[in-house]
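Heads up, the thing below is written out as structure tokens.
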Amino acid sequence: MKRIGTVLFTMAILLALAAGNVWANGGQQQAGNTVYVFGPTPDHGWTGSAARFAEEKIAQLNGAGGKYNYVFRAAGSPDAQIQQIEAMLAESKKPAGVVIQASDNMVQAAVERIAQANIPLILFDRLLDGTSPLIREKMLIAMSADNYDIGAGAAYYMVEKGLTPGEAIWELPGDNSAVSVERGAGFREFLTGKRPFNDDQGQAHTIAANKQWTDAQINSAITSSQVANWSRDNAKTYFESYITGKTPQTMAKWLWTMDDEFVMGILELLQTPAKATERGVFESTVKVITGCGGLIALYDVMGRTKASAGNQLYQPDGVAIMSPTCRPGFFVDAIQLMEDHLNGKDISSYYTDKAAKRFLEPPHLVDTASWAANKNNPSWRGFD
37 MKRIGTVLFT
47 MAILLALAAG
57 NVWANGGQQQ
67 AGNTVYVFGP
77 TPDHGWTGSA
87 ARFAEEKIAQ
97 LNGAGGKYNY
107 VFRAAGSPDA
117 QIQQIEAMLA
127 ESKKPAGVVI
137 QASDNMVQAA
147 VERIAQANIP
157 LILFDRLLDG
167 TSPLIREKML
177 IAMSADNYDI
187 GAGAAYYMVE
197 KGLTPGEAIW
207 ELPGDNSAVS
217 VERGAGFREF
227 LTGKRPFNDD
237 QGQAHTIAAN
247 KQWTDAQINS
257 AITSSQVANW
267 SRDNAKTYFE
277 SYITGKTPQT
287 MAKWLWTMDD
297 EFVMGILELL
307 QTPAKATERG
317 VFESTVKVIT
327 GCGGLIALYD
337 VMGRTKASAG
347 NQLYQPDGVA
357 IMSPTCRPGF
367 FVDAIQLMED
377 HLNGKDISSY
387 YTDKAAKRFL
397 EPPHLVDTAS
407 WAANKNNPSW
417 RGFD
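Going by the working numbering, the sequence shown opens with residue 37, and the numbers climb by one from there.
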């Protein structure tokens, strides 16, 4: 009897797994009412802030008592996220939908299984549709920051502050990924007149013909550092190497960095007593330094004076600091679009590129003046 019971139990497990695999392999089993939202651990940085926005939105939707139950799955690594997806695919009921901010390209095969199972799918921020035809075919929409526009916005701001063709620019890239490549291309293409800057109000800004750069000026005037890999400490190291020995005659007036952490690192370096000479050159020469992201600590630098109580970070006199920022809160939009789709609404009007089923979030340009005017706007909320 014990052997028969064991056999029956084993058969039941196999049948259950087989039933689960029916929908996981693209079968037509009816979906449940659970929507999974996969994202990063909500700890720090832009992605952490995006995750906190997602959690707030999920609590709101679940609290409203709608048809669908939203579940957030946070992962600290690609391996952890893959395991979470595999666990979801092994469940007996098919999910109603999936919204995912992929940890990186390692997750692609797992996301392809979601697409293969015909589960409604929305991609956020880190997209996989450029490398996977299956995902591109099956997804409802792919939503990301417009990195070309971030670069174009930085160039537009510098031109508005007086940048003229052929002036020296120092560039500090983020890494070797598409994010940095697109930001660098957008910066250069705005200066050469090949690309407009499209702001968050829907306005397109182009460079005047008499201010456009030639390709030769781009190649000779922009000095690009090695990539800093999004590290504040690396930014300090590479900027220290650049500024050592510089004079007001040899120092670039325009510093184009790709992350707010880089700006913070540079300011931290310059505030040390040992860098008094370099600080003097910086303040007497530099017109603009840009970051990117929306770091609250950098907003604090923009928004305070040197005399403000509790403000310990160096603030350069006469240097404009600007951060082209895409709101991490548009993770909320991705979740709402899934809710709309599941309730029968057409979400195609949200595409900024209909052929690619893409939405690109434009940046807002945050400096001292714009932050003061908009700091109470939820869309301008920063992260720590």
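Heads up, the beta-carbon is just placed ideally off N, CA and C, and yes, glycines get one too.
Asked: Which residues does DSSP list as the beta-bridge partners of N234?; Found: A240
Asked: So within the segment 327 to 385, which uninterrupted alpha helix (DSSP H) runs reach at least 4 residues, ignoring any that extend past its ends?; Found: 332 to 339 and 366 to 378
Asked: By Cβ distance below 6 angstroms, which residues in the same chain neighbour I279 in space, the five residues on each side in sequence not counted?; Found: E314
Asked: DSSP puts T200 in a beta bridge; with which residues?; Found: For T200, which the question treats as bridged, DSSP gives no partner whatsoever.
Asked: Can you find the residues in the same chain that come closer than 7 angstroms, C-beta to C-beta, to A408, ignoring five residues on each side of it along the sequence?; Found: G339
Asked: State the Cα-Cα distance for the pair A153 and E91, rounded to the nearest angstrom.; Found: 26 angstroms
Asked: Report yes if the CB atom of A264 is closer than 8 angstroms to the CB atom of L208, and no otherwise.; Found: yes
Asked: In terms of alpha-carbon separation, which member of A87, A245, P169 and G418 lies closest to V195?; Found: A245
Asked: Work out the CA separation of T242 and G81 for me, nearest whole Å.; Found: 31 angstroms
Asked: Return the CA-CA distance between G222 and I186, expressed in angstroms with no decimal places.; Found: 7 angstroms
Asked: For A343, which residues from the same chain have a beta carbon less than 7 angstroms from its beta carbon, with the 5 sequence-adjacent residues on both sides left out?; Found: With a pLDDT of 45 at A343, under the threshold of 50, the modelled position of this residue cannot be trusted; read the value that follows with caution. Nothing listed; no residue qualifies.
Asked: Closest to G112 by C-alpha separation, out of F74, V217 and K130, would be which residue?; Found: F74
Asked: By the DSSP assignment, the beta strand (DSSP E) with T70 in it spans what residues?; Found: T70 to P76
Asked: So, for Y192: in the same chain, excluding its five sequence neighbours on each side, which residues have a beta-carbon less than 7 angstroms away from its beta-carbon?; Found: F226, F233 and H241
Asked: I155 by DSSP, collapsed to three states: which one?; Found: coil
Asked: Look at the Cβ atom of Y184, then the Cβ atom of R149, and state whether they are nearer than 8 angstroms.; Found: no
Asked: From G68, I258, R172 and A391, pick the residue whose C-alpha is nearest to that of T200; which is it?; Found: I258
Asked: Between L170, W266 and L159, which lies nearest to L331 when the distance is taken from Cα to Cα?; Found: W266
Asked: Just to confirm, is the Cβ distance from A110 to P76 under 8 angstroms?; Found: yes
Asked: Any idea what DSSP makes of M287, helix, strand or coil?; Found: coil
Asked: To the nearest angstrom, report how far apart A190 and P78 are at their CA atoms.; Found: 28 angstroms
Asked: Flag this pair as touching only if the segment 354 to 361 and the segment 389 to 402 have three or more C-beta atom pairs under 8 angstroms; answer yes or no.; Found: yes
Asked: For Q434, count neighbouring C-beta atoms within 10 Å of its own C-beta (all shown protein chains included) and say buried if the count is 16 or more, exposed if not.; Found: Outside the displayed range of the chain (37 to 420) lies residue 434, so it cannot be described from this structure.
Asked: Just to confirm my understanding: we take P156, look at its own chain, exclude 5 residues before and 5 after, and list those with CB closer than 8 angstroms. What are they?; Found: A132, G133, V134, L176, M374, H377 and L378
Asked: Are there 16 or more other CB atoms within 10 angstroms of the CB of G281, so buried, or fewer, so exposed?; Found: exposed
Asked: Residue range of the alpha helix (DSSP H) that M179 falls in?; Found: Run containing M179: none in the alpha helix (DSSP H); it sits in the beta strand (DSSP E), I177 to A181.
Asked: At what residues does the alpha helix (DSSP H) containing N410 begin and finish?; Found: T404 to N410
Asked: Give every residue of the same chain whose Cβ lies closer than 6 angstroms to the Cβ of A86, excluding the five residues on either side of it in the sequence, and list them in chain order.; Found: P364 and F367
Asked: Buried or exposed: which applies to D161, given that a residue is buried once 16 or more other Cβ atoms fall within 10 Å of its Cβ?; Found: buried
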